[in-house]
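J.:
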Amino acid sequence: MPAVRVKFWGTRGSIPVALDAAALKERLASALVAASGHDVGTIEKARAWLERGPGSALGHTFGGDSPCVQLEAGAAEYVLCDLGTGARVFANRVLQRHGPASPQVFHVFMSHLHWDHIMGFPFFTPAYLPGNRIVIYGCHRDLEHAFRRQHAAPSFPVPFERLGARIEFVTLAPGRPYDIAGWSVTPRRQDHSGDSYGYRFERDRRSIVYSTDSEYKLDNAADAQAATAFFREADLVIFDAMYSLADSVSVKEDWGHSSNVVGVELCQLARAKHLVLFHHEPANSDDKIASIWRETVRFEEITRNGVPLRVSAAYDGLEIEL
Amino acid sequence: MLISQKRYANAKVLTLSGRIDNGTSDSFKTGLGAHVAECRAGGDRLVLDFSGVDYISSVGLRALMLAARQSREQGGTIVMAALQPVVREIFEISRFTMVFDCFSTVREALAKISPSALAAYDARTPG
Numbered sequence: 029m030p031a032v033r034v035k036f037w038g039t040r041g042s043i044p045v046a047l048d049a050a051a052l053k054e055r056l057a058s059a060l061v062a063a064s065g066h067d068v069g070t071i072e073k074a075r076a077w078l079e080r081g082p083g084s085a086l087g088h089t090f091g092g093d094s095p096c097v098q099l100e101a102g103a104a105e106y107v108l109c110d111l112g113t114g115a116r117v118f119a120n121r122v123l124q125r126h127g128p129a130s131p132q133v134f135h136v137f138m139s140h141l142h143w144d145h146i147m148g149f150p151f152f153t154p155a156y157l158p159g160n161r162i163v164i165y166g167c168h169r170d171l172e173h174a175f176r177r178q179h180a181a182p183s184f185p186v187p188f189e190r191l192g193a194r195i196e197f198v199t200l201a202p203g204r205p206y207d208i209a210g211w212s213v214t215p216r217r218q219d220h221s222g223d224s225y226g227y228r229f230e231r232d233r234r235s236i237v238y239s240t241d242s243e244y245k246l247d248n249a250a251d252a253q254a255a256t257a258f259f260r261e262a263d264l265v266i267f268d269a270m271y272s273l274a275d276s277v278s279v280k281e282d283w284g285h286s287s288n289v290v291g292v293e294l295c296q297l298a299r300a301k302h303l304v305l306f307h308h309e310p311a312n313s314d315d316k317i318a319s320i321w322r323e324t325v326r327f328e329e330i331t332r333n334g335v336p337l338r339v340s341a342a343y344d345g346l347e348i349e350l
Numbered sequence: 218m219l220i221s222q223k224r225y226a227n228a229k230v231l232t233l234s235g236r237i238d239n240g241t242s243d244s245f246k247t248g249l250g251a252h253v254a255e256c257r258a259g260g261d262r263l264v265l266d267f268s269g270v271d272y273i274s275s276v277g278l279r280a281l282m283l284a285a286r287q288s289r290e291q292g293g294t295i296v297m298a299a300l301q302p303v304v305r306e307i308f309e310i311s312r313f314t315m316v317f318d319c320f321s322t323v324r325e326a327l328a329k330i331s332p333s334a335l336a337a338y339d340a341r342t343p344g
């Protein structure tokens, strides 16, 4: 049974966010203080300290790029969720690995067509290379139109028609399982402006739910039951935890996003194994997101009703093996 | 989910007991609804005594948010009191401590919202 690996290339919601100079200085200052007294005298030792030692929490930024997640299961064809700016970084790695003359196949599942989820495509270099095949799946009727419009003048200088790859658009129906690239994939409609779609991926007795840009309201019993069934015993749930619960039921109600608290509750109801907080609020700093993650871990502990649920906060570059 | 009430001058203390979760939130909302309707400018001020509540889910918290919204529109006041440590943590993690004033005891809550209610409370609870 091949290992299933999930790679996060873009994890920020709404708009990409860069670590600015002031935040970088703070990060470096924290690292210098934390490293004091440790043997970090060579670049190798410093890297090891950041990757595996006490500095591991300082070794990444939540950044970062807008949503793009890769599912890998040892197959030759690539599988992605969404084409936010993280897709640009993913594409660069693919080119580094194969070179420009080795045709590849990409299967991309779109949650929806809001800008932050498609804005990486004009910089997705495989789209420019003849021989590549890109299949874009989604449940929105205007799937193809959204991509073509993004490339059109005056928004972008290269029209869609000039892209060299073979690009196909496939409209899926929610609630139906499809066999695609070795996965059984089931889309589900979600509550978001203009609708969004979550996907449940299954193969080799492992399951991954990608559920971003979705506002779950658990006081609607039928909706809660349907969501729980969709999440049922998933090995990994990638979940839109953009807002606090208080915000999501008050000033930001009906803005189409969920909270860390609802993510934990849904996973507990569904007996899912691992919750990944995703689509981070762009206004939140690294420290703030780290604090939300620690609080979420604690929330899971104090509300646990059976098997422990592992909780992670996604960052660009995170890899999780199932 | 049980709700009992006691009046102290212009304030009502609603003592909640049990779990407020997806299974009990409807009865919680219904039980709270009649009291919230009277929570208005010149009407009752509400103290929710959480000392008997050991868990509240997001659905219960949303019901509280709706109650807060309604009472605010009516010019009323709702505060929380005597949250158990776990429930206090749930309020903090969900940022509901930024929505509601949360007091350690019912007496502290009454002291904040109504001097006459505090006087009535102290008169009934010697010591």
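Residue numbers (the working numbering), protein chains in the order written: chain F, 29 to 350; chain A, 218 to 344. Quick reminder that beta carbons are idealized off the backbone N, C-alpha and C, glycines included. Note that the structure is predicted; figures quoted are calculated from it, not measured.
In angstroms with no decimal places, state the Cα-to-Cα distance between R177 of chain F and G240 of chain A.
T.: Roughly 47 Å separates the two Cα atoms.
J.: Taking CB distances under 8 Å as the criterion, tell me whether A278 of chain A reaches chain F.
T.: For clarity, residue 278 of chain A is Leu in the given sequence; the question names Ala instead. Chain F contact via Cβ: present.
J.: So, helix, strand or coil for A103 of chain F, using DSSP?
T.: Reduced to three states, the DSSP call for A103 of chain F is coil.
J.: Straight-line CA distance for L28 of chain F to A31 of chain F?
T.: Absent from the model: residue 28 of chain F. The displayed extent of chain F is 29 to 350, so no value can be given.
J.: I'd like to know if the region 242 to 260 of chain F and the region 292 to 301 of chain F are in contact, where contact means that at least 3 CB-CB pairs between them fall below 8 Å.
T.: Yes, since at least three Cβ pairs between the region 242 to 260 of chain F and the region 292 to 301 of chain F fall closer than 8 Å, the two stretches touch.
J.: So, does the CB of I330 of chain F fall closer than 8 Å to a CB anywhere in chain A?
T.: Output row for I330 of chain F: interface = yes.
J.: Scan the region 298 to 317 of chain F for residues whose Cβ lies nearer than 8 Å to a Cβ of chain A and list them as they occur along the chain.
T.: So nothing in the stretch comes that close.
J.: So is A252 of chain F buried or exposed if we call it buried at 16+ other beta carbons inside 10 Å?
T.: The residue is buried, with at least 16 neighbouring Cβ atoms inside 10 Å.
J.: Counting pairs of beta carbons, one from the region 35 to 55 of chain F and one from the region 108 to 119 of chain F, are three or more of them closer than 8 Å?
T.: At 8 Å Cβ cutoff, the stretches touch.
J.: Is the region 161 to 172 of chain F touching the region 133 to 140 of chain F, taking contact as three or more C-beta pairs under 8 Å?
T.: The answer is yes - the region 133 to 140 of chain F touches the region 161 to 172 of chain F, with three or more Cβ pairs under 8 Å.
J.: My guess is that A226 of chain A and A334 of chain A are in contact by the Cβ rule of under 8 Å, so how many angstroms apart are they, rounded?
T.: 4 Å between Cβ atoms; contact.
J.: Candidates F:S340, F:G334 and F:P310: which alpha carbon is nearest T324 of chain F's?
T.: The residue with the shortest Cα to Cα distance from T324 of chain F is F:S340.
J.: Report the three-state DSSP secondary structure of D170 of chain F (helix, strand or coil).
T.: If DSSP states are grouped into helix, strand and coil, D170 of chain F belongs with coil.
J.: Relative to the C-alpha of G284 of chain F, which candidate in F:L294, F:D268 and F:G291 has its C-alpha closest?
T.: Measuring from the Cα of G284 of chain F, the nearest candidate turns out to be F:D268.
J.: At least one CB of chain A closer than 8 Å to the CB of F258 of chain F: is that the case?
T.: Not one chain A Cβ lies under 8 Å of F258 of chain F.
J.: Which residue from A:G269, A:V253 and A:E309 puts its Cα closest to that of R286 of chain A?
T.: Of A:G269, A:V253 and A:E309, the residue nearest in Cα terms is A:V253.
J.: For R236 of chain A versus S331 of chain A, is the C-beta spacing smaller than 8 Å?
T.: No, Cβ-Cβ distance for R236 of chain A and S331 of chain A is not below 8 Å.
J.: Let me confirm a value: N160 of chain F is counted as buried when at least 16 other C-beta atoms fall within 10 Å, else exposed. Which label applies?
T.: Buried.
J.: Would you say F267 of chain F faces chain A, with C-beta separation under 8 Å as the test?
T.: F267 of chain F does not count as touching chain A.
J.: If contact means a Cβ-Cβ distance below 8 Å, which residues of the region 247 to 281 of chain A contact chain F?
T.: Listed in sequence order: Y272, S274, S275, V276, L278, R279 and A280.
J.: Going along chain F, which residues have a C-beta under 7 Å from M315 of chain A?
T.: Near M315 of chain A (Cβ distances below 7 Å), the residues of chain F are A274.
J.: At the 8 Å Cβ level, is S278 of chain F part of the contact set with chain A, yes or no?
T.: So, interface residue.
J.: For a cutoff of 8 Å on Cβ pairs, would you count A327 of chain F as touching chain A?
T.: The sequence shown places Phe at residue 327 of chain F, rather than the Ala named in the question. Taking Cβ atoms only, chain A reaches closer than 8 Å to F327 of chain F, which makes this a yes.
J.: Please state the DSSP three-state secondary structure of C256 of chain A.
T.: It is coil, neither helix nor strand.
J.: Measure the C-alpha to C-alpha separation of Y343 of chain F and F151 of chain F and round it to an integer number of angstroms.
T.: Computed Cα separation, rounded: 21 Å.
J.: To the nearest angstrom, report how far apart D93 of chain F and T247 of chain A are at their CA atoms.
T.: Cα to Cα, the separation comes out at about 45 Å.
J.: Does I310 of chain A come within less than 8 Å of chain F when only Cβ atoms are used?
T.: Yes, because at least one Cβ of chain F sits closer than 8 Å to the Cβ of I310 of chain A.
J.: I believe P95 of chain F touches H307 of chain F by the beta-carbon criterion, under 8 Å. Please report the beta-carbon distance rounded to the nearest angstrom.
T.: At roughly 6 Å, the Cβ-Cβ gap stays under 8 Å, so P95 of chain F and H307 of chain F are in contact.
J.: Just checking, does the region 239 to 250 of chain F make contact with the region 217 to 231 of chain F on the three C-beta pairs under 8 Å criterion?
T.: Enough Cβ pairs lie closer than 8 Å, so yes.
J.: Using a Cβ-Cβ cut-off of less than 8 Å, list which residues of the region 237 to 261 of chain F approach chain A; keep chain order.
T.: Correct list: K245, L246, D247, A249 and A252.
J.: Rounding to the nearest angstrom, what Cα-Cα distance links V198 of chain F and A209 of chain F in this structure?
T.: C-alpha separation (whole angstroms): 14 Å.
J.: Mind checking the region 233 to 248 of chain A against chain F and listing, in chain order, the residues whose C-beta falls within less than 7 Å of any C-beta there?
T.: Those would be N239 and S242, in chain order.
J.: The alpha helix (DSSP H) spanning P302 of chain A covers which residue range?
T.: Start and end: P302 to I310.
J.: Following the continuous beta strand (DSSP E) through T222 of chain A, name the residue where it begins and the one where it ends.
T.: A quick correction: the sequence has Gln, not Thr, at residue 222 of chain A. Here the beta strand (DSSP E) through Q222 of chain A covers L219 to Y225.
J.: Below 8 Å on the Cβ atoms is my guess for A193 of chain F versus P158 of chain F; work out the distance and round it to an integer in Å.
T.: The pair is a contact, with the Cβ atoms about 7 Å apart (cut-off 8 Å).
J.: Here's the rule: buried if 16 or more other CB atoms are within 10 angstroms of the residue's CB, otherwise exposed. What is A174 of chain F?
T.: Answer is buried; the Cβ neighbour count reaches 16.
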